[in-house]
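One structure is given below, encoded as structure tokens.
Residue numbers (my numbering): 15 to 672.
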């Protein structure tokens with residue numbers, strides 16, 4: 015390993031560790047925010063919560079590592095670009111891909127390690143995490159009772175809570191209990207204005223404390239629905255009532271076997287075996303469904319028992335041919351149903367047809383449900399198989415986005431790199447979520463949905479790497495900032511310093527004459543018609559917005575102002591230098607980037623016609639000109655004000671005899 019490679023890795027690895035830990039912490043907080051209701055307020059021990067958080071953190075490593083690589087590569091190349099180390103490396107003959115080589119090898123090793131981690135250790139963490147979450151979900155069910163709907167989480171009871179009293183924690187209002195342990199015929203109904211539910215210390219039973227309510231219970235059940243004898247019932251009103259319900263609310267760890275049998279508990283080989291098994295099962299289900307539907311159709315069509323269409327034996331083929339032959343087939347006219355001997359015969363045929371259609375529909379729905387269940391297992395297992403590869407590939411994709419982008423923007427620290435990283439990761443996350451949703455709705459295949467985010471961002475990484483290796487300025491933000499400043503006439507800062515050594519003294523009398531002449535030119539320019547709004551519209555409409563002799567006035571004003579500033583820079587008066595620093599840099603022309611100035615005369619009329627077409631299609635030229643006009647008027651107004659102040663300072667200098 016060369017010294018340059020050691021230096022790059024020594025600078026990059028601590029940065030990668032820091033960004034990975036930051037991203038890991040962020041995604042872990044997002045997970046806790048999502049599942050906080052499953053953990054908080056359940057009376058869970060610190061050990062159980064700690065185990066859940068630990069296994070969740072292990073499960074979130076594949077999500078945090080690509081984001082950490084993106085941020086670290088952006089920060090690293092941004093820092094060495096900002097410190098001109100990247101420029102020094104390129105000047106010594108090292109191309110960008112050679113600088114990226116050791117980091118690419120490191121990222122590839124991390125991707126392979128992530129694949130191994132997902133296929134081994136993360137399976138255990140997934141099984142334990144989801145088992146803990148499902149176990150915590152059934153602890154302390156009183157905190158799980160929702161408002162405004164019936165809750166059936168306690169066996170034998172249906173519970174309704176109108177709302178919770180926020181002023182008194184634990185107090186519930188408008189309570190209704192249906193005790194149907196003895197069956198629906200002997201249901202006991204209890205209503206109360208308010209109440210609380212409390213678990214005992216051993217958490218083996220629940221106690222309802224109810225206030226101001228009534229209960230209703232049937233003492234006998236009718237022998238039959240036609241029994242008209244009154245039913246004996248008991249009705250009770252109470253101001254306070256306690257009801258004890260046997261229910262174990264303590265935290266109990268669920269069996270991990272269920273999770274291990276699902277897709278979260280399988281490695282690549284087990285997933286491949288499950289996919290093959292489910293594929294064969296789907297083929298068998300669909301083949302059986304097809305045979306069953308054909309059999310039903312044949313039974314309804316032929317009076318003879320037709321052999322199965324899947325039976326390819328010679329005897330079955332002969333029997334089918336005999337039954338379907340013209341001698342045994344009977345041509346039935348649909349209109350013959352209307353010519354039956356009696357109305358009852360017609361109704362019977364209609365009932366038989368409706369019953370047959372209903373049977374086929376029920377059979378189709380049943381088969382479709384079984385097929386969807388099997389295909390759901392196939393889809394989840396196949397998605398998990400691809401998921402183990404998408405995150406390692408995402409590490410490489412994000413590296414090829416972050417490294418060249420950092421070399422282009424050349425900004426280190428946590429400012430611009432974090433913004434760029436968040437933008438790309440949000441794009442990746444949105445596309446990935448879109449792919450998962452499309453797979454779940456069966457509108458996209460598993461392969462396309464799982465890899466769509468990588469397919470979209472991989473060309474971006476290739477393009478950025480290509481631009482960075484060419485040292486292209488097309489993605490240089492500073493170039494775009496300068497372009498838009500010129501386009502919209504944004505004010506630029508003038509930088510002047512007081513000269514310690516002056517070789518030629520200034521002639522203030524001559525400078526005063528130049529100042530007065532410049533003020534007259536500004537006054538003439540402000541009072542002219544060609545700077546007005548009406549002139550802008552005319553210039554756009556009459557094919558002359560790209561060509562105007564009036565641009566020479568702005569050019570002359572610019573040259574005179576710069577000549578005056580160059581003359582006054584030799585002044586020893588600091589106040590004059592301060593006023594010159596505040597002097598705006600005037601534009602030479604109102605129309606930006608006038609491309610007709612360098613064209614031959616024969617080409618200008620055609621271009622002027624095209625300008626009319628552009629104006630008709632869009633008002634963008636008028637909008638740009640109006641912005642530049644306002645900016646230019648602001649600048650010449652400030653220039654006129656500063657010239658008045660400079661005139662005063664020059665007169666003071668003349669009076670001193672300078």
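Beta carbons: idealized from backbone N, C-alpha and C, even for Gly.
8 angstroms Cβ shell around residue i - same chain, five flanking residues per side excluded
i, result
"residue 299", "381, 384, 385, 388"
"residue 536", "571, 650, 653, 654, 657"
"residue 278", "137, 140, 141, 144, 398"
"residue 595", "508, 509, 510"
"residue 64", "none"
"residue 178", "161, 185, 186, 187"
"residue 669", "none"
Reduced DSSP secondary structure (H/G/I, E/B, other) of residue i
i, result
"residue 49", "coil"
"residue 670", "coil"
"residue 228", "strand"
"residue 26", "helix"
"residue 274", "helix"
"residue 731", "This structure does not reach residue 731, given that the chain is present from 15 up to 672, and the question cannot be answered."
"residue 193", "strand"
"residue 214", "coil"
"residue 19", "helix"
"residue 593", "helix"
"residue 249", "strand"
"residue 208", "strand"
"residue 618", "Because the pLDDT at residue 618 is just 45, under 50, the model does not fix this residue reliably, and the value given afterwards should be weighed accordingly. Three-state result, residue 618: helix."
"residue 186", "strand"
"residue 99", "helix"
"residue 461", "helix"
"residue 58", "coil"
"residue 203", "strand"
"residue 258", "strand"
"residue 586", "coil"
"residue 221", "strand"
"residue 643", "helix"
"residue 655", "helix"
"residue 602", "coil"
"residue 424", "coil"
"residue 484", "coil"
CA nearest to the CA of residue i, picked from the options
i, options, result
"residue 206", "213, 214, 29, 174", "174"
"residue 78", "128, 482, 644", "128"
"residue 461", "664, 108, 284, 399", "399"
"residue 14", "250, 294, 202, 393", "The chain is shown only over 15 to 672; residue 14 falls outside these bounds and no answer can be derived."
"residue 123", "413, 192, 279", "413"
"residue 429", "65, 88, 172, 202", "88"
"residue 282", "130, 232, 297", "130"
"residue 232", "250, 226, 224, 219", "250"
"residue 584", "538, 573, 525, 574", "525"
Close beta carbons around residue i, own chain, < 6 angstroms, minus the five adjacent residues each side
i, result
"residue 176", "187, 188"
"residue 93", "426"
"residue 458", "452"
"residue 661", "529"
"residue 257", "222"
"residue 441", "none"
"residue 579", "594"
"residue 195", "170"
"residue 165", "159, 173"
"residue 607", "Note that residue 607 has pLDDT 46, beneath the 50 cutoff, so the model's placement of it is unreliable and the number below is only indicative. Same-chain partners within the cutoff: there are none."
"residue 41", "74, 77, 78"
Residues of its chain near residue i, where Cβ-Cβ distance is below 7 angstroms and the 5 sequence neighbours each way are ignored
i, result
"residue 96", "424, 425, 426"
"residue 540", "650"
"residue 76", "128, 132, 405"
"residue 482", "110, 418, 421, 422"
"residue 401", "464"
"residue 248", "231, 233"
Rounded Cβ spacing between residue i and residue j (contact assumed at less than 8 angstroms)
i, j, result
"residue 568", "residue 508", "Not a contact, Cβ separation roughly 18 angstroms."
"residue 478", "residue 418", "4 angstroms"
"residue 416", "residue 83", "7 angstroms"
"residue 582", "residue 641", "About 31 angstroms; that fails the 8 angstroms criterion."
"residue 191", "residue 204", "4 angstroms"
Proximity test, residue i beta-carbon vs the ligand GDP heavy atom, cut-off 7 angstroms
i, result
"residue 107", "As presented, the structure is devoid of all ligands, the ligand GDP included, so that no description of it is given."
CB contact below 8 angstroms: residue i versus chain C
i, result
"residue 446", "No chain C is part of this structure, which consists of one protein chain only."
Could you check whether the region 131 to 146 touches the region 24 to 43, counting it as contact only if at least three pairs of C-beta atoms, one from each stretch, sit closer than 8 angstroms? no
Quick test of the definition: if touching needs 3 or more C-beta pairs under 8 angstroms, does the region 267 to 285 touch the region 145 to 152? yes
Looking at C-beta atoms only, is the number of pairs between the region 110 to 119 and the region 62 to 70 that lie closer than 8 angstroms three or more? no
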